[in-house]
Amino acid sequence: VAEDIEHDEL
Amino acid sequence: MNLFRLVADLMHLVSIFILLLKMQKTRSVAGRCSRISFKTQALYATVFLTRYTDLFANFQSLYNTTMKVFFIASSLYIVFLMKFKFKATNDPRLDTFKAQYVVGGAAALALIVNYAFTVQEVLWTFSIYLEAVAILPQLFMLTKTGEAEVITTHYLFALGTYRGLYLVNWIYRYWTEYYVDWIVWIAGAVQTGLYCDFFYIYFTKVLKGAKFELP
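Top to bottom, those sequences are chains H and B. The first sequence: position 7 = 7 (the numbering used here), numbered continuously. The second sequence: position 160 = 170 (the numbering used here), numbered continuously.
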């Protein structure tokens, strides 16, 4: 699911 | 956050400061015998603008937000300097890499291979693919002129080190937190691979005090 995607790197 | 990633991000900052220093010092982007590719810098500005669309929506840490703001602002500032302030010294005849092909290729691939087909995710994926090849106009220019100023090679070394350390960071994160991100890994491996030839000449020549010259 799209909301679950979190990009924590720069 | 681990040490590899922190040092990588700091090297990325260092590379930008080296570039700004070079531009201010020579009062031009042409320098004496090496040049900075406007296309590469414009691609980096595109990369940051399309990657950090979550800047206001997703707050992770002060560090994260500050870095995002810095990367967007500095890349736009560099593009502005090259386009307007130092325009006369920017020689497009040497900056001949066909950037539109890599932009098109990254866009097409981002539409096909992504984690979710949403505007934000496709833009993020596009920025990952584009960053992987954004240095090509600069390396192409280097090949064309055949030599580079020491400060330009330091800039490229800092950028390459930043990418290399991200590879180490991913291996570390895989083992410590089972972190997996195939899109970033493959694009990152390709990107770091592009620096191999450069690193070889940097270590064998520049660090020994010789001029950066292609054989």
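Virtual Cβ for every residue (Gly too), placed ideally from N, Cα, C. The structure presented is a predicted model; accordingly, all values stated were derived computationally and were not measured.
With DSSP as the reference, identify every bridge partner of residue i, one or two as the case may be.
i	result
F222/B	A158/B
Report the CB separation of residue i from residue j in whole angstroms; it is logged as a contact under 8 Å.
i	j	result
D105/B	S47/B	5 Å
I88/B	L29/B	6 Å
G156/B	L224/B	5 Å
R61/B	W134/B	6 Å
A199/B	I138/B	Rounded, the Cβ-Cβ distance is 12 Å, inconsistent with contact.
S85/B	Y54/B	5 Å
F107/B	L166/B	Going by Cβ atoms, the distance from F107/B to L166/B rounds to 15 Å, so no, they are not a contact pair.
T56/B	L140/B	6 Å
To the nearest angstrom, how far is it from the Cα of residue i to the Cα of residue j?
i	j	result
Q203/B	F94/B	The amino acid occupying residue 203/B in the given sequence is Gly; Gln does not appear at that position. So the two alpha carbons sit approximately 33 Å from each other.
L65/B	F58/B	11 Å
E131/B	A116/B	13 Å
A126/B	F213/B	41 Å
A118/B	V129/B	14 Å
K78/B	K154/B	33 Å
L72/B	K97/B	35 Å
E159/B	Y205/B	17 Å
H164/B	Y172/B	12 Å
T99/B	L13/B	39 Å
Y188/B	I181/B	9 Å
M92/B	T162/B	15 Å
A83/B	A220/B	35 Å
R15/B	T75/B	16 Å
A168/B	L152/B	16 Å
N124/B	R183/B	21 Å
I5/H	Q51/B	28 Å
C43/B	F222/B	Reliability of the predicted coordinates at C43/B is poor, the pLDDT of 46 falling under 50, and the value obtained from them is presented with this limitation in mind. So the alpha carbons of these two residues sit roughly 11 Å apart.
A18/B	T186/B	18 Å
E9/H	R103/B	36 Å
M11/B	L23/B	17 Å
K215/B	T63/B	41 Å
For the alpha helix (DSSP H) holding residue i, just list the boundary residues, first then last.
i	result
V22/B	With the sequence shown as reference, residue 22/B is identified as His, and Val is not the correct amino acid for it. Unbroken alpha helix (DSSP H) run through H22/B: L13 to T36.
L59/B	F48 to R61
E131/B	V129 to V143
T75/B	L72 to F90
D207/B	C206 to T214
Y189/B	Premise fails: Y189/B is in no alpha helix (DSSP H) and is neither H nor E.
Y111/B	A109 to I122
Using a Cβ distance threshold of 8 Å, determine whether the segment 21 to 33 of chain B contacts the segment 192 to 208 of chain B, with at least three qualifying pairs required. Output reads no: the segment 192 to 208 of chain B does not touch the segment 21 to 33 of chain B.
For the segment 132 to 144 of chain B and the segment 111 to 122 of chain B, state whether three or more C-beta atom pairs, one from each stretch, are separated by less than 8 Å. Three or more beta-carbon pairs drawn from the segment 132 to 144 of chain B and the segment 111 to 122 of chain B are found closer than 8 Å, and the two stretches are therefore classed as touching.
When you compare the segment 63 to 78 of chain B with the segment 166 to 178 of chain B, are there three or more beta-carbon pairs, one atom per stretch, that lie closer than 8 Å? By the criterion of at least three beta-carbon pairs nearer than 8 Å, the segment 63 to 78 of chain B is not in contact with the segment 166 to 178 of chain B.
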